[in-house]
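Have a look at the structure below, then the notes.
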Amino acid sequence: MSANDVPMIQERRLLDRERLILTLAIGIITCIFSIYFAMARGGGAGDLRYTLLPARDWLTGKDPYLPYKTNSDPLAVPYPFTAVLLTVPVSWMADEYAAGIFSGIGAGALAWFIFKRKENWRLLIFLSWPFANSLIFAQWAPYIASMFFTPGLLLFLFVKPQLALPFVLTQKPTQRGIILAAAILAVSIGLYPAWPVDWLGSIHNFIGIPPLFIFPLGPLLLLALTRYRDKRAWLLVLMAVMPQRMVYDQLGVLLVAENRTQQLLLVLCSWISFPLLLFYHGWENIPWGWQNWVLIESYLPALMVVLAPSMKAWNEKVKERKNV
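So in my numbering the end of the sequence shown lands on 329, straight run, no missing numbers.
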C-alpha cells in the first residue's frame, strides 16, 4: 500500500461513518415521530397491532387467528404467521414504543440500502406522503420497499405477499435470500403448523382493490408495457394488479424514479390528496373515493416517469420531421 492510498482509505471510512450516522438519525427521528403520533391519537400501536396482538396471544398460548375466526373485529387485517414472528421481539413493549421501534428500524433499513446503492437522491422518499402515512400508522411499507435494493430480503414475501411479490418477480433471487426466506417459513410452520390454513381462511377480511381495475383511470397503467424491456414498467404494472389500500401501500411506486428530478416529482405528487383529506375530514368523505386518488397522486405520475424516455424519443422524431 502506498502513502497516497492512506488518505483515500480514511476518506472512504469517513463516508461509511457518515452514512451510518445518517441512517441512525433517520431511524431515530422516525421512531420519535411514530411514538408521538401514537400518543397523539390516544395510544395504541397503529396498524402494527395486527401482528403485535397476535404475537402476544401466541406467546401466551392463545390462538393468534381467533379474532378472524370469530369475526370479532371485522376491520382486522390478517397477516401471515411469519409476520407475527418478526413482531415478537417488540411484543413486550408498550404499544406506542413497539410501533416506534418497529417504524424506526424499517426507516433506518431503507435509508441504509439507499446509501449502499449510492443513490442518495432517493432519500427524498422520506418526505413523501406514503412514507409519512406509513410512519403514522406503523406500517410494513419501508420494509417492503427495501426489497427493491436487494433480493436478500425475499423473506418479506411471507409478510405482505401482495406488496412484496412485484419486487420478487422483477429481481433475480439470490441463494442467501432464498435460504433466509425458507428458514423463516420453516420455523413458522414448525412452531404453528396450521397457520397457512388459518391465515388463508381469514384473508376475506382484507379490504383492498387493485389499482389497475379502478375505472376509468386504472387501465391506463397498461401503457407502461409499451416499455416492456424496462424493469420499472413491470414493477409498476405488477404493483397495480395487487390488492392494496390507501397511501402507505404506494411507497414502493415511488421507486420507479431514475434520478433526482423524477424522484422529486413523484414525492410532490404524492401529497395531492392531503389537502382534500384535511378539508373533507377523512377518506370516507373525499370526492371520487380514495381509490381514484391513489391513482392520481401515485400511479399516474409514476406512469409518466416510466414513459418519459418514449415521450422524449417521440418529441425528437416530431422535431426532425419539422426540420425536413
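Note that the Cβ used here is the ideal one computed from N, Cα and C, for glycine as well.
Remember, it's a predicted structure, so these values are computed and weren't measured experimentally.
Starting from residue i, follow the alpha helix (DSSP H) in both directions and report where the run begins and ends.
i: SER303; result: From DSSP, SER303 is part of no alpha helix (DSSP H); its letter is neither H nor E.
i: VAL202; result: 200-205
i: PRO166; result: 166-174
i: ASN125; result: Segment: none, ASN125 is in no alpha helix (DSSP H) and carries neither H nor E.
i: TRP134; result: 134-142
i: LEU160; result: Careful: LEU160 lies outside any alpha helix (DSSP H) and carries neither H nor E.
i: VAL192; result: 180-196
i: PRO215; result: Unbroken run through PRO215: none, as it is neither H nor E.
i: TRP63; result: 54-64
i: TYR148; result: 146-150
i: MET244; result: 236-245
i: VAL89; result: 86-92
i: SER278; result: 278-284
i: THR155; result: Run containing THR155: none; DSSP gives neither H nor E here.
i: ARG250; result: Segment: none, ARG250 is in no alpha helix (DSSP H) and carries neither H nor E.
i: ARG4; result: The shown model of the chain, from 6 to 329, leaves out residue 4, and the question about it has no answer.
Please report the distance separating the alpha-carbon of residue i from that of residue j.
i: GLY109; j: ALA143; result: 9 Å
i: LEU269; j: GLY195; result: 45 Å
i: GLY223; j: ALA30; result: 38 Å
i: VAL252; j: PRO135; result: 5 Å
i: CYS36; j: VAL272; result: 21 Å
i: ALA8; j: PRO94; result: Here the model assigns ALA8 a pLDDT of 47, short of 50, so the residue's position is not dependable, and the following value carries that caveat. For ALA8 and PRO94, the distance between alpha carbons rounds to 47 Å.
i: GLN176; j: GLN267; result: 22 Å
i: TRP200; j: GLU23; result: 43 Å
i: PHE2; j: LEU227; result: Residue 2 lies beyond the stretch modelled for the chain, which goes from 6 to 329, so this question has no answer here.
i: ALA137; j: MET44; result: 16 Å
i: MET6; j: PHE107; result: Because the pLDDT of MET6 is 48, which lies under 50, any placement of that residue in the model is unreliable, and the question is left without a value.
i: SER151; j: PRO292; result: 33 Å
i: GLN15; j: LEU25; result: With a pLDDT of only 45 at GLN15, under 50, the local geometry of the prediction cannot be trusted, and the value read off the model is given with reservation. About 15 Å.
i: VAL11; j: LEU174; result: Low per-residue confidence applies at VAL11: pLDDT is 45, beneath 50, and the placement is therefore not dependable, though the value from the model is reported in the following sentence. Those two C-alpha atoms are separated by around 43 Å.
i: VAL242; j: TRP276; result: 22 Å
i: LEU305; j: SER278; result: 14 Å
i: LEU128; j: ILE149; result: 16 Å
i: LEU2; j: LEU281; result: Not covered by the structure: residue 2. The range shown for the chain is 6 to 329.
i: LEU90; j: ALA60; result: 7 Å
i: MET13; j: PHE38; result: A caution first: MET13 carries a pLDDT of 46, below 50, which makes its placement in the model too unreliable to give a value.
i: ASN290; j: ILE130; result: 27 Å
i: LEU64; j: VAL299; result: 37 Å
i: LYS67; j: LEU58; result: 11 Å
i: PRO198; j: CYS274; result: 44 Å
i: VAL202; j: LEU170; result: 20 Å
i: ALA103; j: ILE141; result: 13 Å
i: GLY294; j: GLU302; result: 13 Å
i: PRO221; j: TRP204; result: 33 Å
i: PRO178; j: GLY32; result: 27 Å
Starting from the Cα of residue i, find the closest Cα among the options and give me that residue.
i: PHE172; options: PHE154, CYS36 and GLU23; result: PHE154
i: SER133; options: VAL89, ALA112 and PHE107; result: ALA112
i: ARG234; options: VAL311, PRO306, GLU289 and ARG24; result: VAL311
i: MET244; options: ASN138, LEU217 and SER139; result: LEU217
i: ALA307; options: LEU25, PRO292, VAL258 and ILE130; result: VAL258
i: THR230; options: GLY294, MET309, TRP204 and ASN290; result: For the sequence presented, residue 230 should be read as Leu rather than Thr. Residue MET309 is the option with its Cα nearest to LEU230.
i: LEU126; options: GLU101, TRP295 and ALA262; result: The question names Leu, but residue 126 in the sequence shown is Trp. Measuring from the Cα of TRP126, the nearest candidate turns out to be ALA262.
i: ARG46; options: ASP100, LEU90 and LEU20; result: ASP100
i: TRP48; options: LEU162, GLU289 and MET98; result: The identity of residue 48 in the sequence shown is Gly, whereas the question assumes Trp. Checking every option, the nearest Cα to that of GLY48 belongs to MET98.
i: GLU124; options: TRP298, LEU260 and MET316; result: LEU260
i: PRO215; options: LEU225, MET247, TRP204 and PRO198; result: MET247
i: TRP145; options: PHE131, PHE161 and ILE130; result: PHE161
i: PRO314; options: ASN264, ASP21, THR65 and LEU300; result: ASN264
i: ASP21; options: ARG122, TRP204 and ALA103; result: ARG122
i: MET316; options: ILE301, ARG232 and THR65; result: ARG232
Determine, for residue i, whether the minimum Cβ-Cβ distance to residues of chain D falls below 8 Å.
i: PRO280; result: Of the protein chains in this structure there is only one, and it is not chain D.
Measure the beta-carbon distance from residue i to residue j and round it to whole angstroms, keeping in mind my assumption that it falls under 8 Å.
i: THR56; j: THR92; result: 4 Å
i: PRO72; j: PHE86; result: Contact flag wrong, Cβ pair sits at about 14 Å.
i: PRO147; j: ALA114; result: 7 Å
i: VAL164; j: ALA88; result: 4 Å
i: LEU256; j: SER139; result: 6 Å
i: ASP345; j: LEU168; result: Residue 345 is absent from the structure shown; the chain starts at 6 and stops at 329.
i: GLY213; j: GLN180; result: That pair is no contact at about 32 Å.
i: GLN296; j: ILE189; result: Between ILE189 and GLN296 the Cβ distance is about 33 Å, and since that is not below 8 Å, they are no contact.
i: GLY105; j: ILE34; result: GLY105 to ILE34, Cβ: 11 Å. No contact.
Self-check item: Three or more C-beta pairs below 8 Å linking the stretch 183-201 and the stretch 152-169
Solution: yes
Quiz prompt | Sufficient close CB pairs (3 or more, under 8 Å) joining the stretch 282-291 to the stretch 199-216 | solution = no
Quiz item: Are three or more beta carbon pairs between the stretch 46-61 and the stretch 82-90 nearer than 8 Å?
Solution: yes
Practice problem: Would you check if the stretch 107-124 and the stretch 236-243 touch, i.e. whether three or more CB-CB distances between them fall below 8 Å? | Solution: no
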